[in-house]
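Below you'll find the structure, written out as C-alpha cells, and then a few comments.
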Amino acid sequence: MRWEPGQGFLRFERHLARLYGSAEELGFACDPQLIGEVLANTIGAQQTALRTRLALQRNGEVTASVQPYEPFAADKVWRLRLARVRLSSSDALLRHKTSRRQIYTHARSEYLITQADEVLLANERSEICEGTITNVFADFGDGMLMTPRLDCGLLPGVLRAELLDEGRAQEAIYSYDELKSAKTLFVGNSLRGLIPATLA
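In numbering that gives the first Met the number 0, the protein residues as written are 0 to 199.
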C-alpha cells in the first residue's frame, strides 16, 4: 500500500475490504483494531511517501513494514513479455493476495530485467490473466479499459476494482495475440496507478 503525507493510505478502505474478505473466506483470524494500531505504529512520524507491506497470519498476528516509495519517471513505458508458465483458472487462491508467490517469481525469472519490465501470465486457455505484480488494461479503440475477467484466474486488484466501479474499465477475455491489436495498453496496481505499457 502507498502512504502519502497528508493523505494517508491510498484506497485504504478498498485494501481493508479485500483483506477482511479474504480473511473470512480463508479462515484467518482478523482484528481490525489491531491492524490499525500496527499500521499507525509502523508509519510513526514519517514525512515522506512510503511503500507499506501488511501481513496477516492465520492466527491473527499482524506485521507491517515500510520502505521509501520511489516514483518512476513520468514518461516511463513498461515493456511486457508473456510467461511460458501458465495459471490455472480454477485455482481459487489466485483471487486472494497471499504469500504464495512461486508461480509469479517463476514467471518473472523467465526474462531478464533488461528484457521486460513486467511479465504477463495467461491461463490454460491462453487467456491473459494478469502481470506478476499488476493487473492488465487494454483500450481496443473505444476508450474503455478492458481488463481480464475474474474467472480467467487472477487477483482482483484494488486499482482494478476502483476503475471498474468508476466505469472506466470493463471485464473482458482476450489472448496475447488479441492484445497486440490494443490501441493503448496499461498495467497497474494501487501502489503505482496506471503505467503505460507496450508488448516487447
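Glycine included, each C-beta is placed from N, C-alpha and C at the ideal position.
Can you tell me the Cβ-Cβ gap for Gly152 and Asn122, rounded? I've got them flagged as a contact below 8 Å.
Going by Cβ atoms, the distance from Gly152 to Asn122 rounds to 5 Å, so yes, they are a contact pair.
For Phe71, does the count of other Cβ atoms within 10 angstroms reach 16, so buried, or fall short, so exposed?
By the neighbour-count rule (16 or more Cβ atoms within 10 Å), Phe71 is not buried but exposed.
Could you give the first and the last residue of the continuous alpha helix (DSSP H) run that contains Thr47?
No alpha helix (DSSP H) holds Thr47; DSSP gives it neither H nor E.
Where Leu163 and Cys128 are concerned, what is the direct C-alpha to C-alpha distance, given to the nearest angstrom?
Their backbone Cα atoms lie some 16 Å apart in a straight line.
Are the beta-carbon atoms belonging to Ala115 and Ala199 less than 7 Å from one another?
Contact: yes.
On a CA-only basis, which of Leu79, Glu36 and Leu92 is nearest Thr197? Give me that one, please.
Answer by Cα proximity: Leu79.
Which of the three DSSP states is assigned to Pro275 in this structure?
Residue 275 cannot be examined here, being either before or after the span of the chain that is shown, 0 to 199.
Using alpha carbons as the reference points, say which of Gln46, Leu25 and Gly20 lies closest to Trp2.
Answer by Cα proximity: Gln46.
Less than 8 Å between the CB atoms is what I'm expecting for Thr131 and Ala168, so what's the real figure, rounded?
Not quite, the Cβ-Cβ distance comes to about 20 Å (not below 8 Å), so this is no contact.
Please name the residue or residues paired with Arg85 in a DSSP beta bridge.
DSSP, once it has assigned bridges, lists Ala121 as partnering Arg85.
Label Glu117 either buried or exposed according to how many other C-beta atoms from any shown protein chain fall within 10 Å of its C-beta, with 16 as the threshold for buried.
Looking at its Cβ environment, which holds 16 or more other Cβ atoms inside 10 Å, Glu117 is buried.
In the DSSP assignment, what residue or residues form a beta bridge with Met145?
Met145 pairs with Ala137 and Gln169.
At what residue ranges does the stretch 151 to 197 contain a whole run of the alpha helix (DSSP H), taking only runs of 4 or more?
Segments of the alpha helix (DSSP H) lying fully in the stretch 151 to 197: 157 to 164 and 175 to 178.
Thinking just about the alpha-carbon of each residue, which of Leu111, Glu109, Glu24 and Gln6 is nearest to the one in Ala91?
Of Leu111, Glu109, Glu24 and Gln6, the residue nearest in Cα terms is Glu24.
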